[in-house]
Amino acid sequence: MTLGAPPTDTRIYLAGHRGLVGGAILRALEVAGYKNLITRTHAELDLTEQQAVRDFFAEEQPELVFLAAAKVGGILANWEAPYEFIRENLAIELNVIHEAWRSGVKRLLFLGSSCIYPREAPQPLKEEYLLTGPLEETNRPYALAKIAGIELCRSLNREYGTDYLALMPTNLYGPGDNFDLKTSHVLPAMIRKFHEAKLGLPDNQGHERKPHAPVTLWGTGTPRRELLYVDDLADAVIFLLEHARAADLPEGLINVGTGEDVTIRELAALVQQAVGHEGDIEWDETKPDGTPRKVMDVSVLAQLGWRPKVALREGIRRTYRWYEERREERRIGTP
Numbered sequence: 001m002t003l004g005a006p007p008t009d010t011r012i013y014l015a016g017h018r019g020l021v022g023g024a025i026l027r028a029l030e031v032a033g034y035k036n037l038i039t040r041t042h043a044e045l046d047l048t049e050q051q052a053v054r055d056f057f058a059e060e061q062p063e064l065v066f067l068a069a070a071k072v073g074g075i076l077a078n079w080e081a082p083y084e085f086i087r088e089n090l091a092i093e094l095n096v097i098h099e100a101w102r103s104g105v106k107r108l109l110f111l112g113s114s115c116i117y118p119r120e121a122p123q124p125l126k127e128e129y130l131l132t133g134p135l136e137e138t139n140r141p142y143a144l145a146k147i148a149g150i151e152l153c154r155s156l157n158r159e160y161g162t163d164y165l166a167l168m169p170t171n172l173y174g175p176g177d178n179f180d181l182k183t184s185h186v187l188p189a190m191i192r193k194f195h196e197a198k199l200g201l202p203d204n205q206g207h208e209r210k211p212h213a214p215v216t217l218w219g220t221g222t223p224r225r226e227l228l229y230v231d232d233l234a235d236a237v238i239f240l241l242e243h244a245r246a247a248d249l250p251e252g253l254i255n256v257g258t259g260e261d262v263t264i265r266e267l268a269a270l271v272q273q274a275v276g277h278e279g280d281i282e283w284d285e286t287k288p289d290g291t292p293r294k295v296m297d298v299s300v301l302a303q304l305g306w307r308p309k310v311a312l313r314e315g316i317r318r319t320y321r322w323y324e325e326r327r328e329e330r331r332i333g334t335p
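Shown next, in the form of structure tokens:
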């Protein structure tokens with residue numbers, strides 16, 4: 001089914017435009033020719049504040065909303081701040097989705113996460129596996145918040161006839177990623193660790209190191225992860241805007257990914273090669289692995305006609321190049 005692209009002068013609000021996902025969607029919208037894009041920084045609009053969000057929608061009156069704003073992080077961040085992850089994400093979703101509906105927005109695309117699926121769900125993960133078993137403990141609060149966002153969209157669609165589509169991306173990476181070792185996801189954390197070890201920079205405890213020092217990674221390295229280059233996700237978002245309605249998908253939900261995965265050890269080898277680190281890799285098996293395997297069933301999206309374009313090796317190379325350029329800019333004082 002082809003819906004066709006909305007008019008290029010459609011008033012589009014993109015929540016979270018400075019994040020990894022939102023930044024990629026913003027680039028894709030601009031390339032696609034959309035010229036009436038509405039954005040706000042966190043300083044300009046705190047999406048956890050209901051009245052502020054209500055006032056924003058009343059003033060701007062967007063016609064189409066992309067909800068890519070979220071509090072995100074890796075295993076460590078989720079484990080150390082579970083309340084913040086569930087509270088902030090619930091508040092963002094409830095405020096944006098409710099005020100979008102309240103102000104008359106008929107179409108909304110909500111970006112969720114593959115962590116919504118049960119820890120022990122059969123692989124690959126089909127959309128129908130939602131709510132069929134216990135969640136992974138290390139990110140349960142975040143996953144529950146995202147499930148609530150899906151249900152908000154689903155309930156509005158059923159009760160009020162809106163077209164609020166929930167997209168569940170697999171693990172994402174790429175330009176604009178977060179490389180903070182305490183709050184980042186696995187791939188950007190690896191890039192930073194291998195880069196700093198290659199240069200012999202002090203470790204995160206301040207210990208001096210020689211170039212190509214060993215790198216220590218969490219867990220056993222055996223879990224499997226699927227990774228999607230973030231600009232491929234943005235391309236899928238634009239594709240679904242033009243080719244899918246929530247009413248035509250079970251529960252208004254669709255997976256977005258590659259349908260292929262690698263072990264954490266294999267991923268580490270790819271990152272090490274891209275960075276040019278020649279030292280050893282050590283595994284700290286006292287640290288948690290997280291979900292044993294997460295690979296998405298993307299057959300629904302493939303049947304609609306979309307497939308990713310950027311292979312993992314190439315995506316890692318592009319991401320490392322972006323990371324290097326930003327570090328160099330900071331080193332020489334470029335704003």
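Sequential numbering of the sequence shown, starting at 1, is according to the working numbering.
The C-beta atom is built at its ideal place from N, Cα and C for all residues, glycine as well.
Computed from a predicted structure; not experimentally measured.
Q: Have a look at the DSSP bridge pairing and note the partners of residue 64.
A: Per DSSP, the beta-bridge partners of residue 64 are 12 and 107.
(Q) Buried or exposed, going by whether 16 or more other CB atoms sit within 10 Å of the CB of residue 177? (A) Classification for residue 177: buried.
Q.
To the nearest angstrom, how far is the alpha carbon of residue 88 from that of residue 250?
A. Put simply, the backbone Cα of residue 88 is about 27 Å away from that of residue 250.
Q) Which same chain residues, not among the five before or five after residue 24, have their C-beta less than 8 Å away from its C-beta? A) 174, 175, 176, 230, 231, 233 and 234, listed in sequence order.
Q. Run through DSSP, which three-state label would residue 173 get?
A. In this structure, residue 173 counts as strand in the three-state DSSP scheme.
Q. Assuming residue 119 contacts residue 134 under a Cβ cut-off of 8 Å, what Cβ separation, rounded to an integer in Å, is found between them?
A. Taking the Cβ atoms as the reference, residue 119 lies roughly 6 Å from residue 134, within the contact range of under 8 Å.
Q | 9 Å Cβ cutoff met for residue 165 and residue 110 | A | The answer is yes: Cβ separation under 9 Å.
Q: Give, in chain order, every unbroken run of the beta strand (DSSP E) that is at least 3 residues long and sits entirely within the stretch 137-209.
A: Listed in chain order, they are 163-169 and 171-173.
Q: Mind reading off the beta-carbon distance from residue 172 to residue 112? Whole number of angstroms is fine, and I expect it under 8 Å.
A: Contact between residue 172 and residue 112 does not hold, since their C-beta atoms are separated by about 12 Å, which reaches or exceeds 8 Å.
Q) If you follow the alpha helix (DSSP H) that residue 83 is part of, which residue opens it and which one closes it? A) Counting along the chain, the unbroken alpha helix (DSSP H) around residue 83 starts and ends at 82-102.
Q) Apart from the five residues just before and just after residue 278, which ones in its own chain have a Cβ nearer than 6 Å to its Cβ? A) Cβ within range, chain order: 212.
**Q.** Bridge partner(s) assigned by DSSP for residue 280
**A.** According to DSSP, residue 280 bridges with nothing at all.
**Q.** Where residue 234 sits in the DSSP three-state scheme
**A.** Of the three classes helix, strand and coil, the one that applies to residue 234 here is helix, per DSSP.
Q) By how many angstroms is the C-alpha of residue 323 removed from the C-alpha of residue 329? A) Going from the Cα of residue 329 to the Cα of residue 323 covers about 10 Å.
**Q.** Buried or exposed (CB count within 10 angstroms, at least 16 for buried), residue 184
**A.** Its Cβ being crowded by 16 or more others within 10 Å, residue 184 is buried.
Q: Report all residues from its chain with a CB closer than 8 Å to the CB of residue 19; omit the five preceding and five following residues, and keep chain order.
A: Excluding residues within five positions, the ones whose Cβ falls inside 8 Å are 68, 69, 70, 72 and 176.
**Q.** Residue range of the unbroken beta strand (DSSP E) whose run includes residue 253
**A.** Here the beta strand (DSSP E) through residue 253 covers 253-256.
Q. Roughly how many angstroms separate the alpha carbons of residue 304 and residue 131, rounded to a whole number?
A. Each residue's alpha carbon lies about 25 Å from the other.
(Q) So, for residue 22: in the same chain, excluding its five sequence neighbours on each side, which residues have a beta-carbon less than 8 Å away from its beta-carbon? (A) The beta carbon of residue 22 lies closer than 8 Å to those of 14, 15, 16, 66, 68 and 69 in the same chain, with the five residues before and after it left out.
Q) Across which residues does DSSP place residue 350 in a beta bridge pair? A) Because residue 350 is not part of the residues shown, which for the chain are 1 to 335, the question remains open.
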